[in-house]
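Peer 1:
Residue numbers (the numbering used here): 202 to 654.
1. First and last residue of the beta strand (DSSP E) that includes residue 513?
2. When the Cα of residue 447 is compared with those of 417, 459, 281, which residue comes out closest?
3. Quick one: what's got a C-beta closer than 6 Å to residue 466's C-beta in the same chain, skipping five residues either side?
4. Report yes if the C-beta distance between residue 498 and residue 580 is below 8 Å; otherwise report no.
5. Residue 416 by DSSP, collapsed to three states: which one?
6. Can you tell which of 257, 334, 361, 277 has the C-alpha that lies nearest to the C-alpha of residue 264?
7. Could you check what DSSP says for residue 211 in three-state terms: helix, strand or coil?
8. Quick check: residue 460 and residue 442, are their CB atoms within less than 8 Å of each other?
9. With a cut-off of 8 Å on the beta carbons, I'd call residue 209 and residue 337 a contact; round off their distance for me.
10. Please classify residue 251 as buried or exposed, where buried requires at least 16 neighbouring CB atoms within 10 angstroms.
11. Identify the continuous alpha helix (DSSP H) that holds residue 383 and give its terminal residues.
12. Whose C-beta lies closer than 8 Å to the C-beta of residue 296 among residues of the same chain, with five residues either side of it excluded?
13. Could you check how far apart the C-beta atoms of residue 595 and residue 578 are, in whole angstroms? I think they sit under 8 Å.
14. Buried or exposed: which applies to residue 589, given that a residue is buried once 16 or more other Cβ atoms fall within 10 Å of its Cβ?
15. Where do the ends of the alpha helix (DSSP H) carrying residue 344 lie?
16. Can you name the start and end residues of the beta strand (DSSP E) that residue 553 belongs to?
17. Rounding to the nearest angstrom, what Cα-Cα distance links residue 518 and residue 412 in this structure?
18. Residue 249 to residue 286, Cα distance in whole Å?
19. Does the distance from the C-beta atom of residue 205 to that of residue 215 stay below 8 Å?
20. Taking buried to mean at least 16 other C-beta atoms within 10 Å of its own C-beta, is residue 515 buried or exposed?
21. Return the chain-ordered list of same chain residues with a C-beta closer than 7 Å to the C-beta of residue 585, the five sequence neighbours on each side being excluded.
22. For the candidate residues 361, 392, 503, whose alpha-carbon lies nearest to that of residue 629?
23. Ends of the alpha helix (DSSP H) at residue 432?
24. From 572, 259, 382, 625, pick the residue whose C-alpha is nearest to that of residue 640; which is it?
25. Classify residue 381: buried if its beta carbon has 16 or more other beta carbons within 10 angstroms, exposed otherwise.
26. Is it right to say residue 642 is buried, meaning 16 or more other beta carbons lie within 10 angstroms of its own, or is it exposed?
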């Protein structure tokens, strides 16, 4: 080690390896350049003569120098560059750290930044974003009991402006309420809505709010949400904040506890629901459902996937780099908050053929072990719950065809039960995270190793 110097206020040890790599170079003159290496959170300055080239190479392209798999010190492998008739040796940073006198200066703030990033990630919540009467609203997805598609709404015995009627959900009469009317917002009156969002109050009673369509599921830090100004709103206590969406759009965050305390809501639920479970029992049921929450979507086959595997649901991005590659099912790439994400046609990937995009098309954001993927689907249907779900069932789920036909037995094995014991149906299970990991396997892993030339 030659000494220590500072780089942007951080101490960095300086090492000259010429004495380790060749004999008779101990008294060599100082080098004109220093390469800064970062390894396992530490920094090291390596004296070098010049930068010859920047190479991109896979580990499989390097030939080992040791016999029987042994690693011969600092230079365990070599890359034979046939184009320029040269050999490029790979420096083993792990072996470098074990040399006497070689010290990597630790970055005290690195651990703090890592802990802060992990803490921020743990604070992220799933928010359901939906559209109602040409406005975007959002709500904590963990409090949503269920989403009902095309509910059968019957006229109410107690009609009013805030109630479309009543529907039956698993044998329970649930009032279907006009959300805009309850919030006191101006809107064009309608007699029904195509979707119903169910919430369960602390007393165990369930109410439904009609909406037009689901926009997305976003993962955000609650602290990043904006405060909702109270001025001019008839019921400002019903809004907990404002969420920023893509393309400058925003969504109003509903304060669900305050919403469920509205007199008209309590009145309707008490009229239709007499025999309800105690609050704690209802809470336990809700927690059990959340542990096995699932998302139903079409691609174009009706699939179901664990909601926990999906980082986010969004519309098809308008700002897209078109890179259509039918053989790899790639549609293009888009930027998602600073990360470049490949957009993949899920139906084509699963051997179902490419589907045209429409207004109902959505993109499911799924993260594998290293990378993030966007899977384009024809339609997102609803959030429900698995019936007696076991994580090992994912192994029997629908897999990418990889050019092979899907047999009838494969289709049957991938069917799982969705809903409750009283009202259930079967849907095709898809392991989206497993699919993302399969796609990762065919990609070279980007590494920060510095290759000596």
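Backbone N, C-alpha and C fix where the C-beta goes; we use that ideal spot for every residue, glycine too.
Keep in mind it's a predicted model, so treat the numbers as computed, not measured.
Peer 2: Let's see:
1. 511–516
2. 417
3. 408
4. yes
5. Residue state, collapsed to three classes: strand.
6. 277
7. In this structure, DSSP gives residue 211 an extended state, which the three-state scheme calls strand.
8. Not closer than 8 Å, so no.
9. About 43 Å separates the beta carbons of residue 209 and residue 337, which is beyond the 8 Å limit, so they are not a contact pair.
10. exposed
11. From DSSP, the alpha helix (DSSP H) with residue 383 extends over 380–384.
12. 272, 274, 275, 277
13. With a Cβ gap of about 18 Å, residue 595 and residue 578 do not count as contacting.
14. Its Cβ having fewer than 16 others within 10 Å, residue 589 is exposed.
15. No alpha helix (DSSP H) holds residue 344; DSSP gives it neither H nor E.
16. Per DSSP, residue 553 belongs to no beta strand (DSSP E) and is neither H nor E.
17. 23 Å
18. 22 Å
19. yes
20. Classification for residue 515: buried.
21. 347, 495, 497, 619, 620
22. 503
23. No alpha helix (DSSP H) holds residue 432; DSSP gives it neither H nor E.
24. 572
25. Flag for residue 381 reads buried.
26. exposed
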